[in-house]
Every structure is written in C-alpha cells, then in structure tokens.
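See structure below.
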Amino acid sequence: MIEIIPQNHFEVNTYVLYDQTKECVVVDVCSQTEREKATIVDFINRNGLKVKHILLTHPHIDHICGAEFACKEFKLPLCVSVDAVEVLKTVSWQAEAMGFLPINTNDIPTKTIVQGEEIVFGGSKIEAIECSGHCPGSLCYYNSAEGYVITGDALFCQSIGRTDLQGGDLDLLMRNLKENILTLPRETVVYPGHGPQSTIGDEKDYNPFFL
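Residue -4 is where the sequence shown starts when you use the numbering used here, and the numbers rise one by one after that.
Set out below in structure tokens:
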C-alpha cells in the first residue's frame, strides 16, 4: 500500500510504503512547516504504522529538507547511496538558492545502500536501482511483488529529470533509464518525485524523450 503526501513549495511527493504487518518505509521526507511534519506523523500514528527505514531518492534540497526531522522523529538514519553522501555537502547552498529553510547535514545520520540492495519491511521488500543523471547518487525503489517503482526526479509522467544542475548528465540519465527502469514490466506503476503517476508502458509509448 502507498500513501502519497505532497510537501513544501516544490510539491514533492513524499511516499509512505506499508503492508498488512504495519511496518513501513518513508521516502523523501521533505517537510518544511510544522503542519507538513504533522501530516506525516499523524498518518503513521493513525494507521498504527512502525517506520523501519527512511529512504532518499536523491540529495537535492527539495527532497531532503525534512530528513533531519524524520531521523529525529523516527530515530533512524537516512538511507542514501554512496555517491549521494558527497552531494549532501552542497545542500546548504541549495537551500539558500531555492528558498528553503537552512539545513545542517551534519545533524542527519546516514546509512549507505547500493545498487541491487533489498530493503525489507514487514512482509515486503523493495530493490534499490541506480538511476543517476539528474543528480549524482540517485536511486529508484522497485517493488516487483506489487508492481511499482518510486523514481524520484529521474522519470516523470511524460518527462524526465532536468540535467542542467550541478552534477547533471543527460547521457547518463538516459542510459540508466533505458537500461534499469524501462526494462521493468510495462504494467509497473511509476510514482515520481513530482506530479502524477504513470506506467512503464505509457512512458515507453508516449514520453517524448523515448520516441
């Protein structure tokens, strides 16, 4: 099961993934206001959920700005890719440039995960898939049993992530998408970092970047 909670002025999709065991993971916690923080905590408490992992798709400020809150609230580290750890050092100036509250990444405990690693919660598991290009250290999270993939800002409904920011690489992004994401079953539901969901089949058929 998936709950989508849009957060902050960039309208980032925060995801709560859970199953009948009541264990869950949260992806891209990016709360800026107390009300946004409360929305996440209230959903988790109201449904009797226990957070097992805090995941990040990529270390851009609009996706990581609630990580310090989440790590303190749920007493867990932020799971990131090895390459993302280095990019975390740039988050402070990202915040100032893009209108976010100041952030101190030294206060965010991290745990590294790698391509192909399985993250287990309750009776479910998701696989970390490398998909850099929009941002170094980007990961997507694939649940083969339930048929969905969390793509962050790598893949959107009929678009892809921008590559004109620091560390962006269009050729790398296109290669990762074609080799690692578009090879998933056509019926796989795509849950992006912003905007509406799609499917792998629809993106292969209608996304102008792949035509």
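All residues carry an ideal CB built from backbone N, CA and C; glycine is no exception.
Residue range of the alpha helix (DSSP H) that includes residue i
i	result
residue 198	195 to 201
residue 178	First-last for residue 178: undefined, no H or E at that position.
residue 81	77 to 82
Where residue i falls: helix, strand or coil (DSSP)
i	result
residue 95	coil
residue 52	coil
residue 89	helix
residue 4	coil
residue -2	strand
residue 36	helix
residue 107	strand
residue 58	helix
residue 160	coil
First through last residue of the beta strand (DSSP E) which encompasses residue i
i	result
residue 8	7 to 13
residue 67	From DSSP, residue 67 is part of no beta strand (DSSP E) but of the alpha helix (DSSP H) over 62 to 69.
residue 120	119 to 125
residue 138	134 to 138
CB contact flag (residue i, residue j, <9 Å)
i	j	result
residue 146	residue 187	yes
residue 79	residue 131	yes
residue 71	residue 49	yes
Pick from the options that is closest to residue i, judged by C-alpha positions
i	options	result
residue 44	-3, 87 and 84	-3
residue 107	54, -1 and 74	74
residue 143	124, 156, 86 and 109	124
residue 52	122, 169 and 191	122
residue 176	162, 126 and 29	126
residue 204	166, 104 and 5	166
Taking contact to mean at least 3 C-beta pairs separated by less than 8 Å, is the segment 151 to 159 in contact with the segment 189 to 203? yes
Should the segment 93 to 102 be regarded as contacting the segment 111 to 120, the criterion being three or more beta carbon pairs within less than 8 Å? no
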